[in-house]
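A.B. asks: Residue numbers 1 to 185, in full-length UniProt numbering, belong to the letters of the sequence shown in order.
We put the CB at the ideal spot given by N, CA and C, even for glycine.
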Amino acid sequence: FNDPDNSCKILVATDAIGMGLNLSIRRIIFYSLIKPIMNEKGEKEMDTISVSSALQIAGRAGRYGTQWEQGYVTTFKPEDLNTLKNRLSSDPEPITQAGLHPTADQIELYAYHLPNSTLSNLMDIFVSLSTVDDSLYFMCNIEDFKFLADMIQHVPLPLRARYVFCCAPINKKMPFVCTMFLKVS
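Below, the structure is given as C-alpha cells:
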C-alpha cells in the first residue's frame, strides 16, 4: 500500500488503523462515527467514537516525511461532519492512572520458582503480591486472561506461548469465538 508504483490507492480499514500504523495516507474518510461495543453483560451497544479514537484515526492522514505531508479528514455522511469536527477540536480526557499487567518475563520468573503452578495461578500470585501507587496506577483486570489460561491449560504449550495466546482480546461470553480460540491454540 505504501509503494507509489502499486495500483492500490484505497485502503478500507477498521478503527485499528489508528493504532500506530505508519502508512502514507492522504485522506481519511470516516464511514461512520458510531462503533459497536460490548457492555459488561456481553450485550452489543452502539456508541460514538471517543475524542482520543477520532484523533488517533484522523492522525493517520498526512505524515511528516511522506508524499502526503498534509492530510485531509472528512465523513462519508454529511450529517456526521459536525460531530467529527467537534471531536477533533476537543481535548481528550486526561489520563490520571495507567493500568499495569504482569509481563511474560515476570510470569516466567514466577514460574521458575513455582514450576508446578498453572498460568492462571501465577497471575493470581503476581497480583496478590503486587503493590502499586494507586494514585498513579491500577492493576488491570486479569479475569478474562485467566479464563483463557484455564481454557488452554491442557494444551501442551511453552509458558510464553500460552501467555501470548491469553493476551488475545477474546470475549468469553461468545462460545463460538472461545471454541475457535481453543482450536487455534
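Going by alpha carbons, who is nearest to N171 out of S120, N39, L21 and N6?
C.D. replies: Measuring from the Cα of N171, the nearest candidate turns out to be N39.
A.B. asks: Would you kindly report the start and end of the unbroken beta strand (DSSP E) that includes Y72?
C.D. replies: First-last of the beta strand (DSSP E) with Y72: Y72 to T75.
A.B. asks: Which residue or residues does DSSP assign as beta-bridge partners of A98?
C.D. replies: Answer is Y137.
A.B. asks: Take the Cβ of K146 as the centre, count every other Cβ of all protein chains shown within 10 Å, and call the residue buried at 16 or more, exposed below.
C.D. replies: It is buried - the Cβ of K146 has at least 16 other Cβ atoms within 10 Å.
A.B. asks: Between residue 209 and S24, is the Cβ-Cβ spacing less than 9 Å?
C.D. replies: No answer is possible for residue 209: the residues shown for the chain start at 1 and end at 185.
A.B. asks: Give me whichever residues DSSP pairs with F30 in a beta bridge.
C.D. replies: DSSP output for F30 lists T75 as bridge partner(s).
A.B. asks: To which residues does DSSP link D47 through a beta bridge?
C.D. replies: Its beta-bridge partners are K35.
A.B. asks: Once DSSP output is grouped into helix, strand and coil, what is the label at I25?
C.D. replies: Three-state DSSP puts I25 in a strand.
A.B. asks: At a cut-off of 8 Å, would you count I57 as near the ligand ADP, judging by its Cβ distance to the nearest heavy atom?
C.D. replies: Summarising the ligand content, the structure contains no ligands, and the ligand ADP is consequently not present.
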